[in-house]
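Our numbering numbers the first residue of the sequence shown as 24 and each following residue consecutively. Positions of the beta carbon are idealized from the N, C-alpha and C atoms, including for glycine. Keep in mind it's a predicted model, so treat the numbers as computed, not measured.
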Amino acid sequence: MLLAVILSALAMTLIVAVRYLVTSGGFAWATSKVRPGLYDGLTPQIRKEIGWSLASAAIYGVPAGVVAWGWQELGWTHIYTDIAAYPLWYAPLSLFAYLFLHDTWFYWTHRWMHRPKWFRIAHAVHHASRPPTAWAAMSFHPIEAITGAVVIPALVFLIPIHVGVLGLVLAIMTVMGVTNHMGWEMFPRWLVHSRAGNWLITASHHQRHHDEYRCNYGLYFRFWDRLCKTDNGLARP
Numbered sequence: 024m025l026l027a028v029i030l031s032a033l034a035m036t037l038i039v040a041v042r043y044l045v046t047s048g049g050f051a052w053a054t055s056k057v058r059p060g061l062y063d064g065l066t067p068q069i070r071k072e073i074g075w076s077l078a079s080a081a082i083y084g085v086p087a088g089v090v091a092w093g094w095q096e097l098g099w100t101h102i103y104t105d106i107a108a109y110p111l112w113y114a115p116l117s118l119f120a121y122l123f124l125h126d127t128w129f130y131w132t133h134r135w136m137h138r139p140k141w142f143r144i145a146h147a148v149h150h151a152s153r154p155p156t157a158w159a160a161m162s163f164h165p166i167e168a169i170t171g172a173v174v175i176p177a178l179v180f181l182i183p184i185h186v187g188v189l190g191l192v193l194a195i196m197t198v199m200g201v202t203n204h205m206g207w208e209m210f211p212r213w214l215v216h217s218r219a220g221n222w223l224i225t226a227s228h229h230q231r232h233h234d235e236y237r238c239n240y241g242l243y244f245r246f247w248d249r250l251c252k253t254d255n256g257l258a259r260p
């Protein structure tokens with residue numbers, strides 16, 4: 024049993040690492056075409072971002088591997104495969120619930136990471152990327168990586184979710200993590216400045232966090248930033 028758990032953790036670590044390299048690499052390549060020269064002179068920084076990110080991949084992979092093994096072998100989780108097990112309207116509801124709860128956890132742990140002690144110990148690694156690049160999405164100190172790695176694995180024990188919807192949650196998490204750091208806004212102005220866009224986080228919003236540090240702490244939504252008066256609008260990456 025222990026060997027099976029270890030193999031599952033190793034497999035998930037490899038999946039997370041490859042997903043990071045493909046996604047960040049893809050958006051870094053797009054950056055070179057859309058914003059040529061934006062990352063010029065940042066090669067040493069990018070190497071560090073990749074190193075920290077691959078270390079984070081291992082930290083993310085361990086709980087994910089344990090959960091995957093427990094789901095397949097013991098039925099521990101509330102992940103389900105039969106789409107008819109719940110009404111169809113439940114699928115988008117569960118998607119939003121996971122994103123909102125993840126965003127809530129991220130907002131408050133992110134603010135905690137900006138307390139002087141924990142910023143110095145851990146979060147400074149992420150903010151050492153000045154400016155952040157598409158490779159910085161998982162560039163975390165191990166302490167910060169642990170806080171991010173436990174959220175989705177914990178939720179699958181609490182809230183039922185279809186395996187396909189869970190895959191969509193992970194895809195959104197990965198893409199937004201990369202695109203929010205790549206230094207330019209890929210979404211059109213009409214969307215970013217629309218009524219819906221005013222509640223969503225994109226590169227324009229998160230770039231201001233990296234510029235000013237004490238605002239714009241969210242991951243997907245601006246709900247907590249607005250409620251707690253930490254929303255400081257958009258930068259112009």
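For R42, the enclosing alpha helix (DSSP H) has its first and last residue at L25 to V57.
In the structure shown, the three-state DSSP call for L250 is helix. Within its own chain, the residues whose Cβ lies closer than 8 angstroms to the Cβ of V85, once the five positions on either side in sequence are excluded, are A32, M35, T36 and A172, listed in chain order.
Its chain contains V174, I175, L178, V192, M196, L242 and Y243 as the residues whose beta carbon lies nearer than 8 angstroms to that of H125, once the 5 sequence neighbours on both sides are disregarded; these appear in chain order. Residue T127 holds the alpha-carbon nearest to the alpha-carbon of C251 among Y62, A40, T127 and W52.
For I184, DSSP records a beta bridge to I102. Measuring C-alpha to C-alpha distances from R245 to each of L257, I224, C238 and E235 identifies I224 as the nearest. Around A40, the same chain offers L77 and A80 as residues with beta carbons nearer than 7 angstroms, after the five sequence neighbours per side are excluded. The alpha-carbon separation between W222 and N239 amounts to approximately 12 angstroms. Taking 8 angstroms as the cut-off, the beta carbon of W112 is found no closer than this to the beta carbon of I102. Closest option to Y236, judged by alpha-carbon separation, among S117, S47 and H150: H150.
The beta carbon of T170 is closer than 6 angstroms to those of T132 in its chain, skipping five residues each way along the sequence. In this structure, the alpha-carbon of W99 lies about 44 angstroms from that of W213. Shown here for H228: same chain residues with a beta carbon closer than 6 angstroms to its own, the five before and five after excluded, namely N239 and L257 in chain order.
Per the C-alpha coordinates, the member of R70, H146 and G64 positioned closest to G48 is R70. Excluding its 5 nearest sequence neighbours in each direction, R231 has C-beta neighbours in its own chain below 8 angstroms: C238, N239, N255, G256, L257 and A258, listed in chain order. Among the bridge pairs identified by DSSP, F244 is matched with L223.
Take the alpha-carbon of I184 and the one of L116: they are about 10 angstroms apart. Separation of the CB atoms of F50 and A157 is rounded to 4 angstroms, and the pair is thereby assigned contact status at 8 angstroms. Annotation: the continuous alpha helix (DSSP H) that includes H150 extends over A147 to H150. Less than 8 angstroms separates the beta-carbon of F163 from that of W75. For G88, the uninterrupted alpha helix (DSSP H) run begins and ends at T66 to L97, by DSSP. Taking the C-beta atoms as reference points, W207 is found nearer than 8 angstroms to V57. With 16 or more other Cβ atoms inside 10 Å of its own Cβ, S152 counts as buried. When secondary structure is reduced to three states using DSSP, D126 falls in the helix class.
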